[in-house]
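**Q**
Set out below in structure tokens:
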């Protein structure tokens, strides 16, 4: 199972949270991604165990912990695919 | 076109959240471009008053790092390192890496003539968001007439070869003057040869201390027409330039500028000091400085004012900083912007059929 604690943010991706949404700038590719609120939560808490993150999301947004777990996993796959995150040991 | 990013940034600017910062690291430069607005250390310029003295000691490395921390804390995303030639700052690399570690999207302005193969290798390792490099001509004769520096063109072309080989993201920029206007298309071809887009800026600015020598190089109407014709060239100071008619350029609400001595300004074109980072907190200045309040009020009022005061407002880039420098009033239309707007409108009227009518006489709309 993919978990945020196994990943770190790619240092070549610059970012800031602006008005509650994280903006990711992929410096080498020149692309930009704007995350929604839940995506921003995941991004800002990257490195935490997935259970804690899911609990945090469930308490802040109107979703169950199970749903949050699934969403986080799917989102991590997306972030991995885009190169926004790297394996933590790298 | 509205994108999620542009909507977000507009919302942020509406709440005075600074997104863009520009740091002039040094005024030292290896070139002496005749159009340069920086009055310090320029040679051979026809000045009527002596250049201003530096306003104190340059910021020390630790002060720059504190400034980076403050800018990060305030939420700035895009950080431009500029100058002079920023790479000539003795601590450039340490500053650039510190900025990267703080997750700024780094834009580095360079004239390219200062780059060596080793520097380009280091830039590739740094991986800034982009390099914005000036080109001054398509031939050594033209380029060096502007840079007043022998060998500058050859060094720039060599730099482009190294940058391409290292796959760095580069935007080429051309300040359009009468000296280079006959080579605009050839410069575009140079850009294409290296796979880099070229942006052309037809607006010359007086020097920061109000001297008008750069304006003596203004391009012809015909050159500006070529820029804006349908088959023309990319226009704009950089890929970050706004669309015409968008007067909310972010001055005072989305942008902030710092000079090598720690003076804070609303923008690099609006060089009225808000304060100095040595004498107060940057956040405090940003949130409470009376000057910034005034700048925001000017910026908010501009769209309505220009609707009535500028006839070709749909084609007009009005820079409040330049307006202030040239007329003393940031809201007042200034000659250069009006001239470019008029030419743009004439080109558009010739090229865009209106209700089946092929052309509209420019004379019918003359100012």
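Protein chains in written order, with my numbering: chain A, 1 to 90; chain B, 1001 to 1367.
C-beta: ideal position from N, C-alpha, C; glycine also.
It should be emphasised that the depicted structure is a prediction, and the values quoted were computed from it without experimental measurement.
(1) Mind listing which residues of the segment 1098-1125 of chain B have their C-beta closer than 8 Å to chain A's C-betas, in chain order?
(2) Is it right to say residue 1084/B is buried, meaning 16 or more other beta carbons lie within 10 angstroms of its own, or is it exposed?
(3) Relative to the C-alpha of residue 1313/B, which residue among 1095/B, 1053/B, 1118/B, 1331/B is closest?
(4) Mind checking if residue 34/A is an interface residue toward chain B, Cβ cutoff 7 Å exclusive?
(5) Tell me the DSSP bridge mates of residue 1276/B?
(6) Using a beta-carbon distance below 7 Å, is residue 1011/B in contact with chain A?
(7) Name the DSSP bridge partner or partners of residue 1130/B?
(8) Could you pull out every residue in the same chain whose Cβ sits closer than 8 Å to the Cβ of residue 1048/B, ignoring the five residues on either side in sequence?
(9) Can you list the residues of chain B that residue 27/A reaches, using a CB-CB cut of under 9 Å?
(10) Below 8 Å on the Cβ atoms is my contact criterion, and I expect residue 10/A with residue 84/A to pass it. Report the Cβ-Cβ distance as a whole number of Å.
(11) Are the C-beta of residue 1005/B and some C-beta of chain A separated by less than 7 Å?
(12) Among 1051/B, 1163/B, 1252/B, 1189/B, which has the Cα closest to the Cα of residue 1298/B?
(13) For chain A, find out if any of its Cβ atoms is closer than 7 Å to the Cβ of residue 1075/B; answer yes or no.
(14) Would you kindly report the start and end of the unbroken beta strand (DSSP E) that includes residue 46/A?
(15) Would you mind reading off the limits of the beta strand (DSSP E) that contains residue 21/A?
(16) Comparing C-alpha positions only, which one of 1029/B, 1052/B, 1200/B sits nearest to residue 1149/B?
(17) If we define contact as Cβ-Cβ less than 7 Å, is residue 1081/B a contact residue for chain A?
(18) From the DSSP secondary-structure annotation, give me the bridge partner or partners of residue 1170/B.
**A** The answer reads as follows:
(1) From the segment 1098-1125 of chain B, only 1100, 1101, 1103, 1104, 1105, 1106 have a Cβ closer than 8 Å to chain A.
(2) As a working note, residue 1084/B is residue 84 in the second chain. Under this definition residue 1084/B is a buried residue.
(3) Residue mapping note: residue 1313/B aligns to position 313 of the second chain, counting from 1. Minimum Cα distance to residue 1313/B is reached at 1331/B.
(4) As a first step, residue 34/A must be located in the first chain, where it is residue number 34. Chain B, which has a Cβ nearer than 7 Å to the Cβ of residue 34/A, makes this yes.
(5) Your numbering for residue 1276/B matches position 276 in the second chain. BP columns for residue 1276/B point to 1263/B.
(6) Residue mapping note: residue 1011/B aligns to position 11 of the second chain, counting from 1. At least one chain A Cβ lies under 7 Å of residue 1011/B.
(7) Numbered from its first residue, the second chain carries residue 1130/B at position 130. Residue 1130/B is bridged to 1107/B.
(8) Looking up residue 1048/B in the second chain gives position 48. Result list for residue 1048/B: 1211, in chain order.
(9) As a first step, residue 27/A must be located in the first chain, where it is residue number 27. Near residue 27/A (Cβ distances below 9 Å), the residues of chain B are 1100, 1105, 1106, 1127, 1128, 1129, 1130, 1169.
(10) Here the question's residue 10/A lines up with position 10 in the first chain. Here the question's residue 84/A lines up with position 84 in the first chain. Their Cβ separation, rounded to whole angstroms, is 6 Å, which keeps residue 10/A and residue 84/A in contact under 8 Å.
(11) Mapped onto the second chain, residue 1005/B falls at position 5. With 7 Å as the cut-off, residue 1005/B counts as an interface residue toward chain A.
(12) Here residue 1298/B is taken as the residue at index 298 of the second chain, counted from 1. Comparing alpha-carbon positions, the option among 1051/B, 1163/B, 1252/B, 1189/B lying closest to residue 1298/B turns out to be 1252/B.
(13) Counted from its first residue, the second chain places residue 1075/B at position 75. Yes, its Cβ sits closer than 7 Å to a Cβ of chain A.
(14) In the first chain, residue 46/A corresponds to position 46, counting from 1. Going by DSSP, residue 46/A is part of no beta strand (DSSP E) at all; its letter is neither H nor E.
(15) The residue labelled residue 21/A in the question sits at position 21 within the first chain. 21-26 is the span of the beta strand (DSSP E), which, as asked, contains residue 21/A.
(16) By 1-based counting over the second chain, the position of residue 1149/B is 149. Nearest C-alpha to residue 1149/B: 1029/B.
(17) Within the second chain, residue 1081/B is the residue found at index 81, counting from 1. No, residue 1081/B lies away from the interface with chain A (no Cβ there is under 7 Å from its Cβ).
(18) Taking the second chain and counting its residues from 1, the one referred to as residue 1170/B is at position 170. By DSSP's assignment, residue 1170/B forms a beta bridge with 1131/B.
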